[in-house]
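Novice: Residue numbers (the numbering used here), protein chains in the order written: chain E, 1 to 153; chain F, 1 to 511.
Backbone N, C-alpha and C fix where the C-beta goes; we use that ideal spot for every residue, glycine too.
This is how it looks when you write it as structure tokens:
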């Protein structure tokens with residue numbers, strides 16, 4: 001299965017490059033451990049219009065049986081998007097990244113889920129417990145037992 | 001294995017022969033081979049005492065049989081296969097009443113929610129087979145002859161991926177009830193499909209997890225809390241709401257005696273709610289409180305605790321800046337000109353302050369009264385373990401010095417066991433009494449308590465005698481042992497009756 005993991009990621013990378021979804025592009029994918037994916041929100045949502053955000057995917061050899069570790073990262077000119085389910089350290093509270101993961105999910109499908117999560121949001125704010133969470137958050141968001149508050153946002 | 005129950009009875013020790021019906025044998029088959037012939041056997045002598053509850057001890061095999069029985073029951077009522085009945089029961093957390101109710105209302109809806117797809121014609125085989133032109137969406141493998149696997153929903157992946165997926169769910173996530181198809185699809189993996197796909201060891205693990213949830217989901221079942229004990233105890237007559245009127249004490253086949261309601265070691269006659277209050281209180285207070293009581297006073301204004309470690313009697317509270325006299329706790333300004341020489345013992349503020357302080361001291365003293373006795377019996381119970389070891393030695397010595405046979409020296413083992421049990425009971429009578437309101441019933445309780453205390457100390461005093469004397473006082477030891485057991489029985493019976501009648505009034509609120 002170790003071979004299967006690189007084979008699968010190689011194929012996903014090909015698909016991402018040859019057949020990219022609108023607003024989703026590979027920024028960096030030099031190996032099969034960490035990828036950086038840039039996403040844009042395509043409609044004219046005033047919170048995100050004209051901005052680009054960067055997602056970091058970390059893969060373990062257990063991928064895709066286990067979910068990758070996904071979070072937003074800030075960089076020069078790139079910030080963590082404002083969203084009631086995105087903490088200011090980049091951690092994302094989204095069920096497909098945890099209990100809702102299934103091996104048929106892909107980097108592309110996860111990116112699109114997050115993209116639509118942003119597009120559907122009209123609240124320019126952080127989660128209510130942001131300060132507390134960020135102060136004590138584990139390094140990996142996968143070690144947080146998120147309670148998926150509600151799926152409407 | 002039909003003699004397993006007898007083994008247990010012998011292990012129990014004192015009293016088991018005079019009809020201490022410590023467990024119900026009804027419907028329990030201790031063997032591993034499903035011996036249902038004993039279902040209706042219930043000896044006369046097994047009649048329960050007021051403080052006992054009916055229960056049975058279940059082995060893993062028994063638990064499996066209970067599950068099978070439920071599954072078959074549901075399958076025959078609803079006309080489903082055993083597999084589907086089991087999946088439904090898992091979905092409803094083994095609550096078959098709710099299952100039947102909801103299923104009869106809306107069978108399709110329930111099946112869909114539970115992720116069960118029913119093929120009317122034939123049983124699904126969950127074959128591992130190669131499929132021509134197959135491509136695995138998980139690992140992107142498309143080798144020829146690759147074995148594949150799918151559930152009823154037809155989401156087909158290679159067998160390796162499916163195996164890894166299922167194994168990870170079972171071993172890493174401890175999932176047993178809600179294992180679904182590897183795709184985003186609600187179809188559940190049933191027992192048969194799991195057995196087909198995973199290694200035997202993982203399947204074993206899955207079964208263990210199933211048994212665990214079966215017991216946890218059922219309010220009439222509890223695992224024996226003793227380390228490494230694999231038995232569960234079933235108690236049909238007791239549910240959570242009964243715990244204010246009964247103390248359901250059970251003894252596992254491993255000999256561990258514990259409370260069915262809260263899992264703590266035997267705490268008769270105290271009810272669970274009082275036990276948890278008492279334990280919490282003991283953690284908060286105890287010796288620290290004792291020292292504080294002896295060495296400090298409280299600021300009469302802000303109640304800050306103050307230790308006076310030198311200096312004069314003119315105290316200024318660090319916290320609230322209140323000035324008072326250490327001797328009389330009165331306001332310093334009322335001392336007038338008699339500074340530093342407190343002769344004004346009747347100041348009103350001083351009297352009030354002393355009153356309220358006396359009250360808090362009195363309540364502390366009351367607590368310590370009960371706590372010391374409780375702790376004393378706890379300590380003695382620990383020492384009893386040593387006594388028991390020594391008793392065994394004495395018994396062998398006695399056999400060689402007095403020429404008594406093994407059976408003739410068993411009175412010592414019985415006396416030792418009685419001591420341990422009575423001390424355990426006595427310990428909890430003090431926690432119980434602490435919370436009791438003062439009234440006539442409480443007096444009766446305390447009389448019973450005192451009788452038992454006396455009986456225990458009388459027996460205990462005989463125990464320390466040198467070996468040569470032990471043989472001579474055999475009859476005395478046996479008498480006192482029997483008396484101890486009888487006193488304990490009386491106390492527990494009376495308390496249990498009181499609980500059932502709601503006779504006891506507590507100083508605290510019980511939920």
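Beta-carbon of residue 153/F versus every beta-carbon of chain E: anything under 8 Å?
Specialist: No, because no Cβ of chain E sits closer than 8 Å to the Cβ of residue 153/F.
Novice: Compute the Euclidean distance between the alpha carbons of residue 470/F and residue 391/F, then round it to the nearest angstrom.
Specialist: Rounded to whole angstroms, residue 470/F to residue 391/F spans 11 Å at the Cα level.
Novice: Taking all protein chains shown into account, decide if residue 141/F is buried (16 or more other Cβ within 10 angstroms of its Cβ) or exposed.
Specialist: Residue 141/F comes out buried.
Novice: Consult DSSP for residue 267/F and reduce its assignment to one of helix, strand or coil.
Specialist: Reduced to three states, the DSSP call for residue 267/F is coil.
Novice: Identify each residue in the stretch 51–79 of chain E for which the Cβ-Cβ distance to at least one residue of chain F is less than 8 Å, and report them in chain order.
Specialist: Hits within the stretch, in order: 62, 64, 65 and 66.
Novice: Can you tell me the Cα-Cα spacing of residue 112/E and residue 106/F, whole angstroms?
Specialist: Rounded to the nearest angstrom, the two C-alpha atoms are 36 Å apart.
Novice: Are the CB atoms of residue 437/F and residue 509/F nearer to each other than 8 Å?
Specialist: Not a contact, by the Cβ cut-off of 8 Å.
Novice: Looking at residue 89/F: is its Cβ nearer than 8 Å to the Cβ of residue 71/F?
Specialist: Yes, these two residues count as a Cβ contact at 8 Å.
Novice: Using the three-state DSSP reduction, which class does residue 62/E fall into: helix, strand or coil?
Specialist: Reduced to three states, the DSSP call for residue 62/E is coil.
Novice: How would you label residue 137/F, buried or exposed, when you count the other beta carbons within 10 angstroms and need 16 or more for buried?
Specialist: When all chains shown are included, residue 137/F counts as buried.
Novice: For residue 7/E, would you say it is in contact with chain F, using Cβ-to-Cβ distances shorter than 8 Å as the test?
Specialist: Closer than 8 Å: yes.
Novice: Run through DSSP, which three-state label would residue 478/F get?
Specialist: Three-state result, residue 478/F: helix.
Novice: Would you mind listing the alpha helix (DSSP H) stretches within the stretch 435–473 of chain F that are 4+ residues and don't spill past its ends, in chain order?
Specialist: Fully enclosed alpha helix (DSSP H) runs of 4 or longer: 440–463 and 467–472.
Novice: In terms of alpha-carbon separation, which member of 89/E, 88/E and 109/E lies closest to residue 97/E?
Specialist: Comparing Cα-Cα distances from residue 97/E to each of 89/E, 88/E and 109/E, the minimum goes to 109/E.
Novice: Pull out every residue of the stretch 102–114 of chain E whose Cβ sits closer than 7 Å to any Cβ of chain F, in chain order.
Specialist: Those residues of the stretch 102–114 of chain E that come within reach of chain F (Cβ to Cβ, closer than 7 Å) are 102, 103 and 104.
Novice: Between the alpha carbons of residue 478/F and residue 468/F, how many angstroms are there, rounded?
Specialist: So the alpha carbons of these two residues sit roughly 17 Å apart.
Novice: The alpha helix (DSSP H) with residue 510/F in it runs from where to where?
Specialist: Where residue 510/F is concerned, there is no enclosing alpha helix (DSSP H), given that its DSSP letter is neither H nor E.
Novice: Where does residue 141/E land, buried or exposed, given buried means 16+ other C-beta within 10 angstroms?
Specialist: That one is buried.
Novice: Can you tell me where the alpha helix (DSSP H) with residue 283/F in it begins and where it stops?
Specialist: Unbroken alpha helix (DSSP H) run through residue 283/F: 272–284.
Novice: By DSSP's criteria, residue 195/F is part of a beta bridge. Which residues make up the other side?
Specialist: In DSSP, residue 195/F forms no bridge with anything.
Novice: From which residue to which residue does the alpha helix (DSSP H) around residue 208/F run?
Specialist: Here the alpha helix (DSSP H) through residue 208/F covers 200–217.
Novice: Let me know if residue 69/E comes out buried or exposed under the rule of 16 or more other beta-carbons within 10 Å of its beta-carbon.
Specialist: That one is buried.
Novice: Does any C-beta atom of chain E lie closer than 8 Å to the C-beta of residue 183/F?
Specialist: It does: the Cβ of residue 183/F has a partner Cβ on chain E nearer than 8 Å.
Novice: With a cut-off of 8 Å on the beta carbons, I'd call residue 73/F and residue 96/F a contact; round off their distance for me.
Specialist: Going by Cβ atoms, the distance from residue 73/F to residue 96/F rounds to 7 Å, so yes, they are a contact pair.
Novice: Is the Cβ-Cβ distance between residue 111/F and residue 196/F less than 8 Å?
Specialist: In this structure, residue 196/F does not lie closer than 8 Å to residue 111/F by Cβ.
Novice: Compare the C-beta of residue 137/F against all C-beta atoms of chain E and say whether one is closer than 8 Å.
Specialist: Taking Cβ atoms only, chain E reaches closer than 8 Å to residue 137/F, which makes this a yes.
Novice: Buried or exposed, going by whether 16 or more other CB atoms sit within 10 Å of the CB of residue 8/F?
Specialist: In this predicted model, residue 8/F has a pLDDT of only 41, less than 50, meaning its place in the structure is not dependable enough to derive any value.
Novice: Name the residue from 277/F, 189/F, 476/F and 404/F whose alpha carbon lies nearest to the alpha carbon of residue 86/F.
Specialist: The candidate whose alpha carbon is nearest that of residue 86/F is 189/F.
Novice: Flag this pair as touching only if the stretch 30–49 of chain E and the stretch 164–183 of chain F have three or more C-beta atom pairs under 8 Å; answer yes or no.
Specialist: Taking 8 Å as the limit for Cβ pairs, the verdict is that the stretch 164–183 of chain F does not touch the stretch 30–49 of chain E.
Novice: To which residues of the same chain is residue 25/E closer than 6 Å at the C-beta, ignoring the five residues directly before and after it?
Specialist: Taken in chain order, the residues that qualify are 38.
Novice: Please list the partners that residue 206/F has in chain E, where partner means a Cβ-to-Cβ separation under 7 Å.
Specialist: Those do not exist, as residue 206/F stays about 17 Å from chain E at its closest Cβ, beyond 7 Å.
Novice: Strictly by DSSP, which residues pair up with residue 27/E?
Specialist: According to DSSP, residue 27/E bridges with nothing at all.
Novice: If I'm right that residue 131/F touches residue 148/F with Cβ under 8 Å, what's the distance once you round it to whole angstroms?
Specialist: With a Cβ gap of about 5 Å, residue 131/F and residue 148/F count as contacting.
Novice: Grouping DSSP H, G and I as helix and E and B as strand, with all else coil, what is residue 409/F?
Specialist: In this structure, residue 409/F counts as helix in the three-state DSSP scheme.
Novice: For a quick check, are the C-beta atoms of residue 325/F and residue 302/F less than 8 Å apart?
Specialist: Against a cut-off of 8 Å, the Cβ pair of residue 302/F and residue 325/F comes out as no contact.
Novice: Can you tell me whether DSSP reads residue 369/F as helix, strand or coil?
Specialist: DSSP places residue 369/F in helix when its eight states are reduced to three.
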